[in-house]
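Trainee: Counting from 1, position 165 in the sequence shown corresponds to residue 165 in our numbering; the numbering is continuous, with no gaps.
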Amino acid sequence: MNHFSWIDYTIFGVYLAISVGVGLFAARGPKTSLGEYFLAGRGMNSVLVAMSILAALFSGISYLAGPAEVYRNGFGFAYAMLAFFIATPFTAIWMLPKFYQSRYFTAYQILEERFSLSARLLASGLFIFRVVLWLAAATYAPALALEKVTGLPLWVTILSFGAITTTYTALGGMRAVIWTDLMQLCVLFGGQLIIVIVALGKIPGGFGGMWETVVADGRMDLSLSFSLSERVNLGGVLIAAGFLHLVQMATDQVSVQRYLTAGSLKDSQRSLWIKLWSVPVVLALFYGTGLVLYAFYKVHGDPIAAGLIEKPDQILPYFVVTQLPAGLPGLLIAAIYAASMSVISSGLNSLASATVVDFQQRLSGVKDGSASTQVSNARRITVGYGILVMLLAFAVAKMPGNLVESVNTIIGLIGGPLLGLFFLGMFTKRATTRGALTGCFAGFVGILSLYLYQNGIFTAQKPEQLVSFLWFTLLGCLLTMIVGLACSRGPAKEHASA
1 MNHFSWIDYT IFGVYLAISV GVGLFAARGP KTSLGEYFLA GRGMNSVLVA MSILAALFSG
61 ISYLAGPAEV YRNGFGFAYA MLAFFIATPF TAIWMLPKFY QSRYFTAYQI LEERFSLSAR
121 LLASGLFIFR VVLWLAAATY APALALEKVT GLPLWVTILS FGAITTTYTA LGGMRAVIWT
181 DLMQLCVLFG GQLIIVIVAL GKIPGGFGGM WETVVADGRM DLSLSFSLSE RVNLGGVLIA
241 AGFLHLVQMA TDQVSVQRYL TAGSLKDSQR SLWIKLWSVP VVLALFYGTG LVLYAFYKVH
301 GDPIAAGLIE KPDQILPYFV VTQLPAGLPG LLIAAIYAAS MSVISSGLNS LASATVVDFQ
361 QRLSGVKDGS ASTQVSNARR ITVGYGILVM LLAFAVAKMP GNLVESVNTI IGLIGGPLLG
421 LFFLGMFTKR ATTRGALTGC FAGFVGILSL YLYQNGIFTA QKPEQLVSFL WFTLLGCLLT
481 MIVGLACSRG PAKEHASA
């Protein structure tokens, strides 16, 4: 059934047009170099950089899956926001200076300096593989929402949404990405706030009534266990989640590329501190929405139990289209799109930078052509990745678990070994190239084997869970480092960055 009115369609269409317009306006003027196209000339304000990093963290996956996770399983996973207070200082104090030493374009150039070209290409390749899958999930999320409220098939929304985002990203480069991130962050934050206010107004007792309900039902509880097999507990949200955040903050080209757009190391570090104190506010609103929806539907009837929706990830758009007056659904679905557009534009630009700098230019040994030719080439690569992401988005619906589990599983499978490779390079002198590459391979194969086993690939029946998805990153990192150091024989390649 189509729940959109003509007012909603108008608001939604105007928002998409404004997004493209802001991107194109920010892209005005010639792109005279790859430094301008990928790093916005290395002169962005620290507040803008902080807001862009923040926007890149909160995709449509966060917008849909965050409230859905809390609605279904309670607030436990949301406590992982505390781990940002561990991961952020570590990144700002110990890792950012290493990236600024040689004015890199990508995060993975440091691995060639410490180890070899093979290490750099492996890390960049793992990043590309992981982010392509991640962006596919981020593309699927808003399409799922729009399918629910308009009846449009997934393929229509995926292709149209992907085409719009790819267009302004390819034309505008990083400067367009950062400015549209700022606008989209405002829209998605405002949209979520509207949902909370409206829902609280329909719960007996308002905020107090909601709080009594969630506390009485144990929705705020967190197991104090450190068991690896328990889905979410204190050990998982403090220790394991810290490594999960480190993958995104310290080894991910999407984040590192933003750090490098700042004018100096000091400005870059300042952007991280600004982001650190902004994250809890935004995350509390996202996950708090799940608590509000839980209390609301405890009074008005669970739509999942009633068969009105199929997946918990649809709970937020269902509330939007059934409880809000005409006009607001269009605005809030636009907010979901805003969240995903910021992530996808960021990811596409970073995928292009890794491909051009780490593979094309490095393997060819020359910077082919004039600056305009290089930028045109980067734009073509951006479009190519946009098409690939759209095609892969259709496969995301087939992944087991909800979107939260799917995304964090992807990060753990690939990001854990990648983080271990960075740690071997940045914080050990013993590790050799052969040891580091062997460790990275062992970490990936080990965690992938564990994931496949837990999903019943090797057994007739699906076994009990041995390790929660939250711990995949930490275990992959540790396995990489242990095997990497054990297999390191002979003198390590000496570099100042080690």
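In this text, a Cβ means the ideal position worked out from N, Cα and C, and glycines have one as well.
Counting only runs that start and end within the segment 414–491, where is the alpha helix (DSSP H) found for 4 or more residues in a row?
Mentor: List check, alpha helix (DSSP H) in window: 416–427, 433–454, 472–486.
Trainee: Work out the CA separation of Arg42 and Gly386 for me, nearest whole Å.
Mentor: So the alpha carbons of these two residues sit roughly 25 Å apart.
Trainee: Does the Cβ of Trp94 have 16 or more other Cβ atoms within 10 Å, making it buried, or fewer, making it exposed?
Mentor: The residue in question, Trp94, is exposed, as its Cβ has fewer than 16 Cβ neighbours within 10 Å.
Trainee: Does the contact criterion of 3 or more C-beta pairs under 8 Å hold for the segment 409–425 versus the segment 476–484?
Mentor: Output reads yes: the segment 476–484 touches the segment 409–425.
Trainee: Report all residues from its chain with a CB closer than 6 Å to the CB of Val187; omit the five preceding and five following residues, and keep chain order.
Mentor: Taken in chain order, the residues that qualify are Ala335, Ala338.
Trainee: So, for Gly330: in the same chain, excluding its five sequence neighbours on each side, which residues have a beta-carbon less than 6 Å away from its beta-carbon?
Mentor: Asp8, Ile11, Phe12.
Trainee: Quick check: what's the CA-CA separation for His495 versus Lys429?
Mentor: With a pLDDT of 44 at His495, under the threshold of 50, the predicted position of this residue should be treated as unreliable, though the coordinate-derived value follows. When rounded, the distance between both Cα atoms is 9 Å.
Trainee: So who's on the other strand from Ala262, going by DSSP bridges?
Mentor: Bridge partners of Ala262: Met44.
Trainee: Give the DSSP-derived three-state secondary structure of Pro89 in the structure shown.
Mentor: DSSP places Pro89 in helix when its eight states are reduced to three.
Trainee: Are the Cβ atoms of Leu126 and Ile414 separated by less than 9 Å?
Mentor: Contact: yes.
Trainee: So Asp302 is in the alpha helix (DSSP H); what residue range does that whole segment cover?
Mentor: Element bounds for Asp302: n/a, residue is neither H nor E.
Trainee: Alpha carbon to alpha carbon, how far is Ala306 from Val214? Give it in angstroms, no decimals.
Mentor: Distance between the alpha carbons of Val214 and Ala306: 21 Å.
Trainee: For Leu519 and Ala136, I'd like the C-alpha separation in whole angstroms.
Mentor: It is not possible to answer for residue 519, since the shown part of the chain is limited to 1 through 498.
Trainee: Exposed or buried, Arg219, counting other C-beta atoms within 10 Å across all chains shown (16 or more means buried)?
Mentor: By the neighbour-count rule (16 or more Cβ atoms within 10 Å), Arg219 is buried.
Trainee: For Leu470 versus Gly412, is the C-beta distance shorter than 9 Å?
Mentor: Their beta carbons are under 9 Å apart, which means Leu470 touches Gly412 by this criterion.
Trainee: Measure the Cβ-Cβ separation of Leu144 and Asp313 and say whether it is below 9 Å.
Mentor: Yes, the Cβ-Cβ distance between Leu144 and Asp313 is below 9 Å.
Trainee: According to the neighbour-count rule (16 or more other Cβ atoms, all chains shown, within 10 Å of its Cβ), is Arg120 buried or exposed?
Mentor: By the neighbour-count rule (16 or more Cβ atoms within 10 Å), Arg120 is buried.
Trainee: Just to confirm the assignment, what range does the alpha helix (DSSP H) spanning Thr37 have?
Mentor: The question names Thr, yet the displayed sequence has Tyr at residue 37. From DSSP, the alpha helix (DSSP H) with Tyr37 extends over 34–39.
Trainee: Between Met51, Phe4, Ile18, which has its C-alpha nearest Leu185's C-alpha?
Mentor: Closest by alpha carbon: Met51.
Trainee: Give the range of the alpha helix (DSSP H) segment to which Asn233 is assigned.
Mentor: It is not in any alpha helix (DSSP H) - Asn233 carries neither H nor E in the DSSP assignment.
Trainee: Out of Ser46, Glu69, Gly21, point me to the one whose CA is closest to Trp273's CA.
Mentor: Residue Ser46 is the option with its Cα nearest to Trp273.
Trainee: For Gly235, I'd like the list of residues in its chain whose CB is within less than 6 Å of its CB, leaving aside the five on either flank, ordered along the chain.
Mentor: Excluding positions up to five away in sequence, the list reads Phe226.
Trainee: Going along the chain, which unbroken runs of the alpha helix (DSSP H) with 4 or more residues stay wholly within the segment 73–119?
Mentor: The segment 73–119 contains these whole alpha helix (DSSP H) runs: 84–90, 96–100, 109–114.
Trainee: Cα separation between Ser353 and Met44?
Mentor: Cα to Cα, Ser353 sits roughly 18 Å from Met44.
Trainee: Can you list, in chain order, the residues of its chain whose CB lies under 8 Å from that of Leu117, leaving out five sequence neighbours each side?
Mentor: Closer than 8 Å at Cβ, skipping near neighbours: Arg362.
Trainee: How about Leu24 and Ala176: are their beta carbons less than 9 Å apart?
Mentor: The answer is yes: Cβ separation under 9 Å.
Trainee: Quick check on the burial criterion: 16 or more other C-beta atoms within 10 angstroms. Buried or exposed for Glu112?
Mentor: Flag for Glu112 reads buried.
Trainee: For the segment 260–280 against the segment 290–309, are there 3 or more C-beta pairs whose distance is under 8 Å?
Mentor: No, the segment 260–280 is not in contact with the segment 290–309.
Trainee: Within the same chain, show all residues whose beta-carbon is closer than 6 Å to that of Ala92, passing over the 5 residues directly before and after it, in chain order.
Mentor: Taken in chain order, the residues that qualify are Gln269, Leu272.
Trainee: By the three-class DSSP mapping on this structure, what secondary structure does Ala498 have?
Mentor: With a pLDDT of only 36 at Ala498, under 50, the local geometry of the prediction cannot be trusted, and the value read off the model is given with reservation. Three-state result, Ala498: coil.
Trainee: What's the C-alpha gap between Gly76 and Ser468?
Mentor: The straight-line gap from Cα to Cα measures roughly 13 Å.
Trainee: When you compare the CB positions of Ala83 and Leu244, do they come within less than 9 Å of one another, or not?
Mentor: The answer is yes: Cβ separation under 9 Å.
Trainee: In terms of residue numbering, what span does the alpha helix (DSSP H) encompassing Gly201 cover?
Mentor: It spans 154–201 - the alpha helix (DSSP H) in which Gly201 sits, taken as one unbroken run.
Trainee: If we ignore side chains and look at the alpha-carbon of each, how far apart do Phe458 and Gln465 end up?
Mentor: Each residue's alpha carbon lies about 14 Å from the other.
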